[in-house]
Amino acid sequence: MTASIIKQALSTNAGFGALALRIPAGIIFMAHGAQKLFGWFGGYGLEGTGQWMASIGLEPGYLMALGAGSAEFFGGLALLIGLLVRPAAVVLAFTMVVAIVTVHLANGLFMSNNGYEFGLALLAISVSLAFTGAGRASVDRALSAA
48 MTASIIKQAL
58 STNAGFGALA
68 LRIPAGIIFM
78 AHGAQKLFGW
88 FGGYGLEGTG
98 QWMASIGLEP
108 GYLMALGAGS
118 AEFFGGLALL
128 IGLLVRPAAV
138 VLAFTMVVAI
148 VTVHLANGLF
158 MSNNGYEFGL
168 ALLAISVSLA
178 FTGAGRASVD
188 RALSAA
């Protein structure tokens, strides 16, 4: 049974098109996660991000920052290398739903108003990869064929 679950998580019915989604989304997610976790790229790190999350009602802020940052950084890494893409994409989709609902939805669609359009695009990519898997050019494909 465990082998069946692992095989299903690694399975993919996508071609090379998934690579065009995985690479840029993986880079973007990793960069945003690195802002939250490490303070890289102008981010505030766990302490600062945690304080901000607590201020908007996501408590406990530090753990929420750790969870969101880890989902984005390690989920993005999974997308980038094509390993465990389906489960990573599900976690990333959930993370984007939380970000859209708690931060961006009230600001409308457009990014110029801190709206949800960018989060929605990342959500769509994540949902697509959750359905299709990593595609032909992936570690998942190599492992599932073995």
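Each residue of the sequence shown is one higher than the one before, starting from 48 at the first, in the numbering used here. All residues carry an ideal CB built from backbone N, CA and C; glycine is no exception.
Distance between Thr149 and Arg69, taken at the CA atoms: about 25 angstroms. Between the stretch 67-85 and the stretch 48-55 there are fewer than three inter-stretch CB-CB distances shorter than 8 angstroms, so the stretches are not counted as touching. Between the stretch 165-176 and the stretch 90-104, the count of Cβ pairs shorter than 8 angstroms is below three; the stretches do not touch. Per DSSP, reduced to three states, the secondary structure at Pro107 is coil, with no helix or strand assignment. DSSP places Phe157 in no alpha helix (DSSP H); its state is neither H nor E. Relative to the Cα of Val186, the nearest Cα in the group Arg133, Glu119 and Val145 belongs to Arg133.
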